[in-house]
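S.K.: Just passing along the structure, written as structure tokens.
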Amino acid sequence: MLQRLAKLERGQLAVVDRGGASQFGQADGAVLTAAMQVHDERFYRDVLLGGGLGAAEAYIRGYWDSPDLTTAMRVLTQNTEFLEGVEQGAARLLRPLRTAANWLRRNTRAGSKRNIAAHYDLSNDFFALMLDPTMTYSSGVFPTAESTLEEASVEKYDRICRKLQLSPGDRLLEIGTGWGGFALHAAQRYGCHVVTTTISDEQHAYAGRRFQAAGIEDRVELLRHDYRDLSGKYDKLVSIEMIEAVGEKYLPGYFAKCSSLLKPDGMMCLQAITIPDHRYDQYRKSVDFIQRYIFPGGFLPSMGAMATAVGSQTDFRFVHTEDFGPHYAKTLAHWRANFWGAIEAVKALGFDERFVRTWHYYLCYCEAGFREREIGVSQLLLTKPACRREPILTVV
Numbered sequence: 246m247l248q249r250l251a252k253l254e255r256g257q258l259a260v261v262d263r264g265g266a267s268q269f270g271q272a273d274g275a276v277l278t279a280a281m282q283v284h285d286e287r288f289y290r291d292v293l294l295g296g297g298l299g300a301a302e303a304y305i306r307g308y309w310d311s312p313d314l315t316t317a318m319r320v321l322t323q324n325t326e327f328l329e330g331v332e333q334g335a336a337r338l339l340r341p342l343r344t345a346a347n348w349l350r351r352n353t354r355a356g357s358k359r360n361i362a363a364h365y366d367l368s369n370d371f372f373a374l375m376l377d378p379t380m381t382y383s384s385g386v387f388p389t390a391e392s393t394l395e396e397a398s399v400e401k402y403d404r405i406c407r408k409l410q411l412s413p414g415d416r417l418l419e420i421g422t423g424w425g426g427f428a429l430h431a432a433q434r435y436g437c438h439v440v441t442t443t444i445s446d447e448q449h450a451y452a453g454r455r456f457q458a459a460g461i462e463d464r465v466e467l468l469r470h471d472y473r474d475l476s477g478k479y480d481k482l483v484s485i486e487m488i489e490a491v492g493e494k495y496l497p498g499y500f501a502k503c504s505s506l507l508k509p510d511g512m513m514c515l516q517a518i519t520i521p522d523h524r525y526d527q528y529r530k531s532v533d534f535i536q537r538y539i540f541p542g543g544f545l546p547s548m549g550a551m552a553t554a555v556g557s558q559t560d561f562r563f564v565h566t567e568d569f570g571p572h573y574a575k576t577l578a579h580w581r582a583n584f585w586g587a588i589e590a591v592k593a594l595g596f597d598e599r600f601v602r603t604w605h606y607y608l609c610y611c612e613a614g615f616r617e618r619e620i621g622v623s624q625l626l627l628t629k630p631a632c633r634r635e636p637i638l639t640v641v
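Going left to right, the sequence shown walks through residues 246 to 641 as this note's numbering numbers them.
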């Protein structure tokens, strides 16, 4: 592994272990610099046998640390040759086993229920400590550099509403309720009738109490249905970062179902975390840290994969796409600050050191990915054939 690190071409990484300190990369004030402290030599074994997933597991076990984990990950991400070398070494021998284990988590109806519960039903109290008061667990859109996380969440919601041109007469379907933030925003600010569905028991209970407290039960209908079991016709449809829980195999069916739920002049706004098309084939054949430890059954689509599914199964037209990956990096930095600011409360809920290390790694891993554009987030506006919405040519 150290021989591979010696070939680092971008950024600088210091590795300290019981043998001393080693510097890798170029010393240049213009590049990223990071450090790793190896506490246990088994770290090297885990990385060589497990690749990137092995590095994550070694971190969870306490074998290594970094004073700035996000920057350390960014340095490694910038050196794709190093990462590919690690993944193509001995780590490839374990890949079939991990792929088989991940297949068991595929998103059938029953599988989706289990997978969603494994993450979103952890604890409403825990998520309340990490998220902003809107309880939004998706990327915000920061109107200014000084905007708060709550302001970014509200702007994201309102941006979607404006793209969909919501009005009081609309029947709006939301696939993926979360904790009810968007449905509440759309019903209160735009006066439309919202039907929203989630398969998370904890989210369903929380959102129900929230809608009741806000006095909007006459405008919001809360369901606990799998998207595949929905019926009816709607004017507008929204799905915010739910597509990552659909799975590669089910992407065509997901878009076909969304299309069937809209009227002939309907519109759909989708917010999706995406993988670049040039990395899609490799990604779909592997199992990463997020799939193994954070979102079982999770799968990031590429823009090309979504376009193929839409083109083969629906009469949708893509009319507007907006990428704002850097805003997700900032969102994650806020979540991480909230997480550590409430760490004693997190532990008081019963979460142990392994959980804390896993979630810290998760938040830094994702932030680094967005900062280095290894993953992206986009809002996509799709319309049915009879829709005559004016083009979005100015700032919304």
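Backbone N, C-alpha and C fix where the C-beta goes; we use that ideal spot for every residue, glycine too. Just so it is clear, the structure is predicted and the values come from calculations on it, not from any experiment.
1) So, helix, strand or coil for Phe596, using DSSP?
2) Evaluate Leu594 with the Cβ neighbour count: other Cβ atoms within 10 Å of its Cβ, from every protein chain shown; 16 or more gives buried, anything less gives exposed.
3) In whole angstroms, give me the CA-to-CA distance for Thr422 and Phe544.
4) Pair every Cβ in the segment 607-618 with every Cβ in the segment 388-398, then say whether three or more of these pairs are closer than 8 Å.
5) DSSP state of Leu418, grouped into three classes?
6) Taking DSSP as the reference, what is the three-state secondary structure of Val440?
7) Taking the continuous beta strand (DSSP E) assigned at Val483, which residues delimit it?
8) Output the boundary residues of the beta strand (DSSP E) element that contains Met318.
9) State the Cα-Cα distance for the pair Ala336 and Ile518, rounded to the nearest angstrom.
10) With distances taken between CB atoms, is the gap from Ala590 to Leu258 smaller than 7 Å?
11) For my contact list, Val261 and Ala280 are in at a C-beta cut-off of 8 Å; report their separation, rounded to the angstrom.
12) Just to confirm my understanding: we take Ile444, look at its own chain, exclude 5 residues before and 5 after, and list those with CB closer than 7 Å. What are they?
13) Reducing DSSP to helix, strand and coil, say where Ile637 ends up.
14) Could you give the DSSP three-state label for Val555: helix, strand or coil?
15) Can you give the Cα-Cα distance for Pro665 and Ala554, rounded to whole angstroms?
16) Tell me, to the nearest whole angstrom, how far the beta carbon of Pro630 is from that of Asp560; I am working on the premise that it is less than 8 Å.
17) So who's on the other strand from Ser267, going by DSSP bridges?
18) Roughly how many angstroms separate the alpha carbons of His572 and Gln457, rounded to a whole number?
19) Can you tell me whether Arg455 is buried or exposed? The criterion is at least 16 other CB atoms within 10 Å of its CB, across all chains shown.
20) Gln282 and Asp310 - do their beta-carbons sit closer together than 7 Å?
21) Are there 16 or more other CB atoms within 10 angstroms of the CB of Ser557, so buried, or fewer, so exposed?
22) Taking a contact to mean a Cβ-Cβ separation below 7 Å, would you say Asn324 touches Arg249 in this structure?
23) Label Gln536 either buried or exposed according to how many other C-beta atoms from any shown protein chain fall within 10 Å of its C-beta, with 16 as the threshold for buried.
24) Once DSSP output is grouped into helix, strand and coil, what is the label at Asp560?
25) Compute the beta-carbon to beta-carbon distance between Ala397 and Thr566, rounded to the nearest angstrom, for a pair I have assumed lies under 8 Å.
26) Taking the alpha-carbon positions, what's the Glu462 to Tyr495 distance?
27) Rounded C-beta distance between Lys408 and Leu626? I'm assuming under 8 Å.
28) So what does Thr628 bridge to, in DSSP terms?
29) Grouping DSSP H, G and I as helix and E and B as strand, with all else coil, what is Glu567?
30) Judging by CA-CA distance, which residue of Ala459, Val386, Val483 is the nearest neighbour of Ser504?
31) Beta-carbon within less than 7 Å of Gly436's beta-carbon, same chain only, minus the 5 sequence neighbours each way: which residues are those?
32) Less than 6 Å between C-beta atoms, sequence neighbours within five positions excluded: which residues of the same chain meet that for Val440?
33) DSSP state of Glu617, grouped into three classes?
34) Any idea if Asp415 is buried or exposed, counting beta-carbon neighbours within 10 angstroms, 16 or more meaning buried?
M.R.: Working from what's here:
1) As a working note, residue 596 is residue 351 in the sequence shown. Judged by DSSP in its simplified three-state form, Phe596 adopts coil rather than helix or strand.
2) One-based indexing of the sequence shown puts residue 594 at position 349. Leu594 is exposed by the Cβ-count criterion.
3) Here residue 422 corresponds to residue number 177 of the sequence shown, with the count starting at 1. Here residue 544 corresponds to residue number 299 of the sequence shown, with the count starting at 1. Taking the CA atoms as reference points, Thr422 sits about 19 Å from Phe544.
4) No, because fewer than three Cβ pairs between the segment 607-618 and the segment 388-398 fall closer than 8 Å, the two stretches do not touch.
5) Walking along the sequence shown from the start, residue 418 turns up at place 173. Secondary structure at Leu418: strand, using DSSP grouped into helix, strand and coil.
6) Stepping through the sequence shown from its first residue, residue 440 is reached at position 195. Under the three-state reduction of DSSP output, Val440 falls in the strand class.
7) Residue numbering aside, residue 483 sits at position 238 when the sequence shown is read from its first letter. In the DSSP assignment, Val483 falls within the beta strand (DSSP E) that extends over 479-485.
8) Locating residue 318 in the sequence shown gives position 73, where the first residue counts as 1. Met318 -> not in any beta strand (DSSP E); alpha helix (DSSP H) instead, spanning 314-323.
9) The count along the sequence shown starts at 1 and reaches residue 336 at position 91. The count along the sequence shown starts at 1 and reaches residue 518 at position 273. Any reading at Ala336 must be qualified, since the residue scores a pLDDT of 49, below 50, and its modelled position is unreliable; the value itself is stated next. Separation of Ala336 and Ile518 (C-alpha to C-alpha, rounded to the nearest whole angstrom) is 26 Å.
10) Taking the first residue of the sequence shown as 1, we reach residue 590 at position 345. Taking the first residue of the sequence shown as 1, we reach residue 258 at position 13. Not closer than 7 Å, so no.
11) Locating residue 261 in the sequence shown gives position 16, counting from the first residue. Locating residue 280 in the sequence shown gives position 35, counting from the first residue. Val261 to Ala280, Cβ: 7 Å. Contact.
12) Position 199 of the sequence shown holds residue 444. Only Ser357, Lys358, Ile361, Arg469, Asp471 meet the Cβ criterion.
13) Working through the sequence shown from its first residue, we reach residue 637 at position 392. Residue state for Ile637 is assigned as coil, using DSSP reduced to three classes.
14) Locating residue 555 in the sequence shown gives position 310, counting from the first residue. Reduced to three states, the DSSP call for Val555 is helix.
15) Here the chain comprises residues numbered 246 to 641, so residue 665 is not present and cannot be evaluated.
16) By one-based count along the sequence shown, residue 630 stands at place 385. By one-based count along the sequence shown, residue 560 stands at place 315. The pair is a contact, with the Cβ atoms about 5 Å apart (cut-off 8 Å).
17) Working through the sequence shown from its first residue, we reach residue 267 at position 22. Beta-bridge annotation (DSSP): Ser267 is paired with Val260.
18) Here residue 572 refers to the residue found at position 327 of the sequence shown. Here residue 457 refers to the residue found at position 212 of the sequence shown. When rounded, the distance between both Cα atoms is 32 Å.
19) Looking up residue 455 in the sequence shown gives position 210. Result: buried.
20) Indexing the sequence shown from 1 puts residue 310 at position 65. Indexing the sequence shown from 1 puts residue 282 at position 37. For Asp310 and Gln282, yes; Cβs fall inside 7 Å.
21) For the purposes of this step, residue 557 is taken as the residue at position 312 of the sequence shown. Exposed is the label assigned to Ser557, since fewer than 16 other Cβ atoms lie within 10 Å of its Cβ.
22) Start at 1 with the first residue of the sequence shown, and residue 324 comes out as number 79. Start at 1 with the first residue of the sequence shown, and residue 249 comes out as number 4. No, they are not a contact pair.
23) The residue labelled residue 536 in the question sits at position 291 within the sequence shown. By the neighbour-count definition (other C-beta atoms within 10 Å, threshold 16), Gln536 is a buried residue.
24) Your numbering for residue 560 matches position 315 in the sequence shown. Three-state result, Asp560: coil.
25) The count along the sequence shown starts at 1 and reaches residue 397 at position 152. The count along the sequence shown starts at 1 and reaches residue 566 at position 321. Taking C-beta atoms under 8 Å as the contact rule, Ala397 and Thr566 fail to qualify, at a distance of about 20 Å.
26) Residue mapping note: residue 462 aligns to position 217 of the sequence shown, counting from 1. Residue mapping note: residue 495 aligns to position 250 of the sequence shown, counting from 1. Going by the C-alpha atoms only, they are around 32 Å apart.
27) Locating residue 408 in the sequence shown gives position 163, where the first residue counts as 1. Locating residue 626 in the sequence shown gives position 381, where the first residue counts as 1. Distance from Lys408 to Leu626 at the Cβ level is roughly 5 Å; contact confirmed, criterion being Cβ atoms closer than 8 Å.
28) Working through the sequence shown from its first residue, we reach residue 628 at position 383. As DSSP reads the structure, Thr628 sits in a beta bridge with Met512, Arg562.
29) The count along the sequence shown starts at 1 and reaches residue 567 at position 322. Three-state DSSP puts Glu567 in a strand.
30) Indexing the sequence shown from 1 puts residue 504 at position 259. Comparing alpha carbon positions, the residue from Ala459, Val386, Val483 closest to Ser504 is Val483.
31) Taking the first residue of the sequence shown as position 1, residue 436 is located at position 191. So the qualifying residues of the chain are Pro413.
32) For the purposes of this step, residue 440 is taken as residue 195 along the sequence shown, with counting starting at 1. Leu418, Glu466, listed in sequence order.
33) Counting from one through the sequence shown, the residue named residue 617 turns up at place 372. In the three-state scheme derived from DSSP, where H, G and I count as helix and E and B as strand, Glu617 is classed as coil.
34) Sequence index remark: in the sequence shown, residue 415 carries index 170 (1-based). By the 10 Å Cβ count, Asp415 comes out buried.
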